[in-house]
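Peer 1: Chains as they are written, first to last, in my numbering: chain E, 345 to 451; chain S, 345 to 451. C-beta: ideal position from N, C-alpha, C; glycine also.
Number of protein chains: 2
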Amino acid sequence: MKLYHLSETREFDEKKFKRFLIHDSPYFRVLNFNLAAGQLFPVHKHSADGQVSIQCIEGKGFFLGDEGAEIPAEAGDLLVSDINEPHGVRAAEDSDMRILVTIAPPF
Amino acid sequence: MKLYHLSETREFDEKKFKRFLIHDSPYFRVLNFNLAAGQLFPVHKHSADGQVSIQCIEGKGFFLGDEGAEIPAEAGDLLVSDINEPHGVRAAEDSDMRILVTIAPPF
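Encoded structure:
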């Protein structure tokens, strides 16, 4: 068993969003990204089988998808995307945004 | 892409904890359990390879383990356990507790 406290990675950087590796195993990888207001995690995709869940754990912003798709997101909202499907995140202009990302299987 | 709102499964039952299947795929399964104050998700294990992450998303309580282990948990705390390792959850006597559980691979 391993215990993690997301309160310990609650850091923001005005220059670029912060990335923290929380957990990694052969089964899944968990990351915490903290985006200051207005920061962008650009839309991207990877050539790998699997899925990624993107959970907004604090603040608000948008889940981003293909062709400019923007889905409003706030704490408690969860997006699941195939890893090879375009996905991204942007914090709202007036709110920081923290997300918890789970990737399975890791690639 | 699939979008889920954990605000939509924020239900408690004084008789037994509530269970909601949020997402299921060949890669991972996501469930939301809502425990009213004092309710117990008994310690258990499954004979399967893989890991389970148990994230407290609201309220407080305890992550439970082998031999009576009790780890205080509040929103933002995350426990990762092997599926075949004993794990459980109990809400505090004075607080409801919501958890998000991710199992990979599903079994």
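Counting Cβ pairs, one atom from each stretch, are 3 or more of them under 8 Å apart for the stretch 364-376 of chain S and the stretch 407-423 of chain S?
Peer 2: Touching, no.
Peer 1: Which runs of the beta strand (DSSP E) fall wholly inside the stretch 391-448 of chain S and span at least 3 residues, in chain order?
Peer 2: Segments of the beta strand (DSSP E) lying fully in the stretch 391-448 of chain S: 395-408, 414-418, 421-426, 431-435, 441-448.
Peer 1: Which one of E:I447, E:S369, E:K346, E:D440 has the shortest CA to CA distance from E:I398?
Peer 2: For this step, residue 398 of chain E is matched to residue 54 along the first sequence. The residue with the shortest Cα to Cα distance from E:I398 is E:I447.
Peer 1: Just the C-alpha distance for S:G432 and E:L347, rounded to the nearest angstrom, thanks.
Peer 2: As a position in the second sequence, residue 432 of chain S is number 88, starting the count at 1. As a position in the first sequence, residue 347 of chain E is number 3, starting the count at 1. Roughly 14 Å separates the two Cα atoms.
Peer 1: Would you say the stretch 374-394 of chain E touches the stretch 403-413 of chain S, given that touching needs at least three Cβ pairs under 8 Å?
Peer 2: They do not touch, by the three-pair rule.
Peer 1: Determine the direct distance from the alpha carbon of E:G394 to that of S:D426, and round the result to whole angstroms.
Peer 2: In the second sequence, counting from the first residue as 1, residue 426 of chain S sits at position 82. In the first sequence, counting from the first residue as 1, residue 394 of chain E sits at position 50. Using only the alpha carbons, I get a separation of about 20 Å.
Peer 1: Considering only residues of the same chain and omitting the five flanking positions on each side of S:P449, which have a CB-CB separation below 6 Å?
Peer 2: Locating residue 449 of chain S in the second sequence gives position 105, where the first residue counts as 1. So the qualifying residues of the chain are G394.
Peer 1: Report yes or no: is there a C-beta of chain S within less than 7 Å of the C-beta of E:M441?
Peer 2: The residue given as residue 441 of chain E occupies position 97 in the first sequence. It does not; no Cβ of chain S falls within 7 Å.
Peer 1: Counting only the same chain and skipping the five closest in sequence on each side, list residues whose C-beta sits under 7 Å from that of S:A435.
Peer 2: Here residue 435 of chain S refers to the residue found at position 91 of the second sequence. Correct list, in chain order: L379, A380, A381, G382, Q383, G403, G405, M441.
Peer 1: Starting from the C-beta of E:E437, find all residues in its chain whose C-beta is less than 7 Å away, skip the five residues before and the five after it, and write them out in chain order.
Peer 2: The residue given as residue 437 of chain E occupies position 93 in the first sequence. Same-chain partners within the cutoff: A381, G382.
Peer 1: Measuring CA to CA, which of S:D368, S:T353, S:G420, S:E358 is closest to E:V424?
Peer 2: For the purposes of this step, residue 424 of chain E is taken as the residue at position 80 of the first sequence. Here the closest residue by C-alpha is S:D368.
Peer 1: For a contact meaning CB atoms closer than 8 Å, what does E:P449 contact in chain C?
Peer 2: Of the chains in the structure shown, none is chain C; the protein chains are E and S.
Peer 1: Quick one: what's E:L347 bridged to in DSSP?
Peer 2: Locating residue 347 of chain E in the first sequence gives position 3, counting from the first residue. Paired residue(s): S:L423.
Peer 1: Can you list the residues of chain E that S:D421 reaches, using a CB-CB cut of under 9 Å?
Peer 2: On the second sequence, residue 421 of chain S is found 77 positions in, with the first residue counted as 1. Correct list: L347, Y348, H349, L350, S351.
Peer 1: With distances taken from CA atoms, which of S:E429, S:E352, S:L444 is nearest S:S391?
Peer 2: Position 47 of the second sequence, counted from the first residue, corresponds to residue 391 of chain S. That would be S:E429, whose Cα lies nearest to the Cα of S:S391.
Peer 1: Would you mind reading off the limits of the beta strand (DSSP E) that contains S:R373?
Peer 2: As a first step, residue 373 of chain S is located in the second sequence; it is residue number 29 there, counting from the start. That run of the beta strand (DSSP E) goes 373-379.
Peer 1: Looking at the secondary structure, which residues open and close the beta strand (DSSP E) in which S:F356 lies?
Peer 2: For the purposes of this step, residue 356 of chain S is taken as residue 12 along the second sequence, with counting starting at 1. Run containing S:F356: none; DSSP gives neither H nor E here.
Peer 1: For the beta strand (DSSP E) that contains E:P386, what are its first and last residues?
Peer 2: Translated into the one-based positions of the first sequence, residue 386 of chain E becomes position 42. It spans 384-388 - the beta strand (DSSP E) in which E:P386 sits, taken as one unbroken run.
Peer 1: Tell me which residues share the same chain as S:A419 and place their Cβ nearer than 8 Å to its Cβ, disregarding the 5 neighbours each side in the sequence.
Peer 2: By 1-based counting over the second sequence, the position of residue 419 of chain S is 75. Only C400, I401, E402, G403, K404 meet the Cβ criterion.
Peer 1: With DSSP as the reference, identify every bridge partner of S:D364, one or two as the case may be.
Peer 2: Start at 1 with the first residue of the second sequence, and residue 364 of chain S comes out as number 20. Here residue 364 of chain S turns out to be Phe, not Asp, going by the sequence shown. DSSP lists S:N376 as partners of S:F364.
Peer 1: Thinking C-beta only, is E:D421 closer than 7 Å to S:H349?
Peer 2: Against the second sequence, residue 349 of chain S aligns to sequence position 5. Against the first sequence, residue 421 of chain E aligns to sequence position 77. Going by C-beta atoms, S:H349 is nearer than 7 Å to E:D421.
Peer 1: Does S:S391 come within less than 7 Å of chain E when only Cβ atoms are used?
Peer 2: For the purposes of this step, residue 391 of chain S is taken as residue 47 along the second sequence, with counting starting at 1. It does not: the Cβ of S:S391 has no partner Cβ on chain E nearer than 7 Å.
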